[in-house]
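J.: Just passing along the structure, written as structure tokens.
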Amino acid sequence: MPFSSSARRKPPFNPVKPGSLLTVLVAALREASGFSLPADKILSSLFEKNRGLGPRERRVLAECFYFAMRRWTWLEASATDRPIESQPRSDLSASELRGMAVLASSLVDKAQLISLTAHELHWAQSRSEALKTLSSAQHRFCIPDWIWNDWVVQLGEDEAGRLAAFLDQEAPLDLRLNLAQGQGVAHLRDELSLAGIAAQPIDWLPEGLRCQGRPSVQALGAFKQGHFEVQDAGSQLLARLCAPQRGQTVVDFCAGAGGKTLALGALMRNSGRIYALDTSSSRLARLKPRLARSGLSNVWAIAIQGLNDLRIKRLRAKADIVLVDAPCTGLGTLRRNPDLKWRQTSQGLGDLLSLQASILSAASTLVKPGGRLVYATCSLKREENEEQVETFLKAYPEFSMDSAERILLRQGISPGPQASWFGEQGELRLWPHRSDTDGFFGVNLVRA
Numbered sequence: 000m001p002f003s004s005s006a007r008r009k010p011p012f013n014p015v016k017p018g019s020l021l022t023v024l025v026a027a028l029r030e031a032s033g034f035s036l037p038a039d040k041i042l043s044s045l046f047e048k049n050r051g052l053g054p055r056e057r058r059v060l061a062e063c064f065y066f067a068m069r070r071w072t073w074l075e076a077s078a079t080d081r082p083i084e085s086q087p088r089s090d091l092s093a094s095e096l097r098g099m100a101v102l103a104s105s106l107v108d109k110a111q112l113i114s115l116t117a118h119e120l121h122w123a124q125s126r127s128e129a130l131k132t133l134s135s136a137q138h139r140f141c142i143p144d145w146i147w148n149d150w151v152v153q154l155g156e157d158e159a160g161r162l163a164a165f166l167d168q169e170a171p172l173d174l175r176l177n178l179a180q181g182q183g184v185a186h187l188r189d190e191l192s193l194a195g196i197a198a199q200p201i202d203w204l205p206e207g208l209r210c211q212g213r214p215s216v217q218a219l220g221a222f223k224q225g226h227f228e229v230q231d232a233g234s235q236l237l238a239r240l241c242a243p244q245r246g247q248t249v250v251d252f253c254a255g256a257g258g259k260t261l262a263l264g265a266l267m268r269n270s271g272r273i274y275a276l277d278t279s280s281s282r283l284a285r286l287k288p289r290l291a292r293s294g295l296s297n298v299w300a301i302a303i304q305g306l307n308d309l310r311i312k313r314l315r316a317k318a319d320i321v322l323v324d325a326p327c328t329g330l331g332t333l334r335r336n337p338d339l340k341w342r343q344t345s346q347g348l349g350d351l352l353s354l355q356a357s358i359l360s361a362a363s364t365l366v367k368p369g370g371r372l373v374y375a376t377c378s379l380k381r382e383e384n385e386e387q388v389e390t391f392l393k394a395y396p397e398f399s400m401d402s403a404e405r406i407l408l409r410q411g412i413s414p415g416p417q418a419s420w421f422g423e424q425g426e427l428r429l430w431p432h433r434s435d436t437d438g439f440f441g442v443n444l445v446r447a
């Protein structure tokens with residue numbers, strides 16, 4: 000049945016008065032309180048429904064909303080006069096959600112822009128004083144028990160607190176120079192400077208730049224012409240860990256929207272063949288415009304039906320490199336996705352571990368003798384990282400681990416003071432507060 004014209008019509012344009020911004024924020028928190036949808040999708044949907052919001056109002060609401068995602072359980076406890084709990088409650092009333100919105104607006108210094116009343120502001124200020132007295136980093140930065148306890152086991156309590164504080168910050172905007180177009184980092188920095196954007200090369204990453212602040216770059220000519228992509232420095236480093244060579248056959252087994260696919264294609268200087276596989280055609284669809292901008296012609300995007308798809312079997316033992324950027328808890332990206340600490344659960348971890356093991360097993364069959372299998376996650380949990388690899392190597396003794404440090408040094412990427420990048424077995428282990436990146440794990444496995 001074709002869509003009706005009413006189904007395609009955009010919501011009507013409704014100018015939003017400043018005094019109603021708090022109402023919009025409360026609506027966003029109400030939608031988010033079930034933690035069944037990603038925060039960015041909730042915010043995008045809300046902006047679509049309130050098309051009268053200008054750029055300034057959207058920025059204010061986004062800042063307040065993401066602060067609430069980061070500090071949800073503390074805001075909840077303050078608004079309900081209850082102790083701080085490890086997990087969000089599911090029975091918040093309208094007045095309690097409004098209290099959380101008032102507190103968030105006050106704490107990010109947006110009270111005037113949100114148009115809080117004098118009574119609301121006084122109430123928020125009195126409640127926010129309690130935040131300063133919290134001695135526990137777990138409670139101050141609202142980390143669920145199952146995540147916090149894992150960090151303490153791996154890092155100790157003091158360093159776990161430093162990690163929590165780091166992940167409570169907003170992430171920087173990192174850019175990746177498109178090596179396939181060959182302009183150079185200095186040239187790109189000059190292009191950005193002409194647009195009023197300050198960016199500095201990342202010392203340890205040949206094609207990386209980090210912007211000052213979080214400027215909007217999508218409208219820039221350099222972006223539209225494919226001179227660069229937005230990509231976290233840690234994610235760029237994982238592409239380097241693959242170390243692809245010109246003319247090779249590479250499979251990006253869980254390609255998603257193709258960030259690492261594009262980085263690999265550029266490192267190969269638009270030669271060879273890259274097969275970008277994913278079970279989600281909608282995720283792969285987001286790769287299409289990015290691929291067009293990049294100018295790469297060595298990428299084939301393939302939507303697969305599952306791990307037994309015939310198109311996977313046709314690639315058996317043909318790939319020089321197979322990258323498995325596995326589905327995971329994503330807890331290394333909490334700066335960008337603070338809602339993940341509420342959406343992920345210890346109960347759901349078991350399903351992820353089973354899926355990761357199945358994907359690794361299927362992907363390993365595509366690696367030809369002498370080829371490489373690169374397993375990566377943006378998780379901080381040993382179960383998804385070191386332990387997953389240990390289990391795989393026991394089941395597949397024809398694979399052995401190569402040193403991530405040696406692979407990067409061969410490309411002129413020196414760890415320098417970032418020596419804590421690497422684990423005891425030679426794996427890449429990026430703890431966000433140590434590397435100043437998102438959290439990543441990566442290991443390069445060689446097939447005999």
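Per numbering that gives the first Met the number 0, the very first residue in the sequence shown carries number 0; after that it's consecutive.
All C-beta atoms in this analysis are idealised placements derived from N, C-alpha and C, irrespective of residue type, glycine included.
In whole angstroms, what separates the C-alpha of N307 from that of R313?
T.: 11 Å
J.: Is P431 helix, strand or coil by DSSP?
T.: helix
J.: Can you tell me whether P14 is buried or exposed, with buried defined as 16 or more other CB within 10 angstroms of its CB?
T.: Its pLDDT being 42, under 50, P14 is placed unreliably in this model, and the value from its coordinates should be taken loosely. The residue in question, P14, is exposed, as its Cβ has fewer than 16 Cβ neighbours within 10 Å.
J.: Alpha carbon to alpha carbon, what distance is there between D277 and G255?
T.: 6 Å
J.: Note the first and the last residue of the continuous alpha helix (DSSP H) segment covering Y395.
T.: If you look at Y395, you'll find it isn't in any alpha helix (DSSP H); DSSP assigns it neither H nor E.
J.: Would the region 427-447 and the region 324-332 be scored as touching if the rule is three or more Cβ pairs under 8 Å?
T.: Note that the region 427-447 touches the region 324-332; at least 3 beta-carbon pairs, one per stretch, sit closer than 8 Å.
J.: At which residue ranges does the region 147-206 contain complete beta strand (DSSP E) runs of 3 or more residues, listed in the order of the chain?
T.: The qualifying runs are 173-176 and 198-200.
J.: Can the beta-carbon of V535 be found closer than 9 Å to that of G264?
T.: The structure shown does not extend to residue 535, since the chain is modelled only from 0 to 447, so the question has no answer here.
J.: Return the chain-ordered list of same chain residues with a C-beta closer than 7 Å to the C-beta of R310, the five sequence neighbours on each side being excluded.
T.: I301 and I303
J.: Which partner residues of F421 appear in the DSSP bridge assignment?
T.: L427
J.: Pop quiz: Q86 and S105 are said to be a contact at Cβ under 8 Å. What is the actual Cβ separation, rounded to whole angstroms?
T.: About 24 Å; that fails the 8 Å criterion.
J.: Are there 16 or more other CB atoms within 10 angstroms of the CB of E156, so buried, or fewer, so exposed?
T.: exposed
J.: Give me whichever residues DSSP pairs with Y374 in a beta bridge.
T.: V323 and V442
J.: With respect to the beta strand (DSSP E) encompassing L460, which residues constitute its N-terminal and C-terminal limits?
T.: The structure shown does not extend to residue 460, since the chain is modelled only from 0 to 447, so the question has no answer here.
J.: Looking only at its own chain, which residues have a Cβ that is under 7 Å from the Cβ of E128, when we skip the five neighbours before and after it?
T.: none
J.: In three-state DSSP terms, what is E228?
T.: strand
J.: Can you give the Cα-Cα distance for L208 and S234, rounded to whole angstroms?
T.: 13 Å
J.: Do the CB positions of W147 and A163 come within less than 9 Å of each other?
T.: Yes, the Cβ-Cβ distance between W147 and A163 is below 9 Å.
J.: Are there three or more Cβ pairs, one per stretch, closer than 8 Å when the region 340-348 is compared with the region 391-407?
T.: no
J.: From D173 to L236, what does the alpha carbon distance come to, in whole angstroms?
T.: 12 Å
J.: Excluding sequence positions up to five away, which residues of its chain have a Cβ less than 8 Å from the Cβ of I412?
T.: Excluding residues within five positions, the ones whose Cβ falls inside 8 Å are W203, L204, P205, L236 and R239.
J.: I'd like to check one pair, L322 with D251: are the Cβ atoms closer than 9 Å?
T.: Yes; because the gap between Cβ atoms is below 9 Å, this pair is in contact.
J.: Please identify the residue among D319, I406, V388 and K367 whose C-alpha is closest to the C-alpha of T376.
T.: V388
J.: With W341 and W71 assumed to form a contact (beta carbons below 8 Å), what rounded beta-carbon distance in angstroms separates them?
T.: 6 Å
J.: In terms of alpha-carbon separation, which member of S134, L130, R97 and L133 lies closest to T116?
T.: R97
J.: Quick one: measure Cβ to Cβ for R188 and P200, integer angstroms, because I've assumed they're closer than 8 Å.
T.: 7 Å
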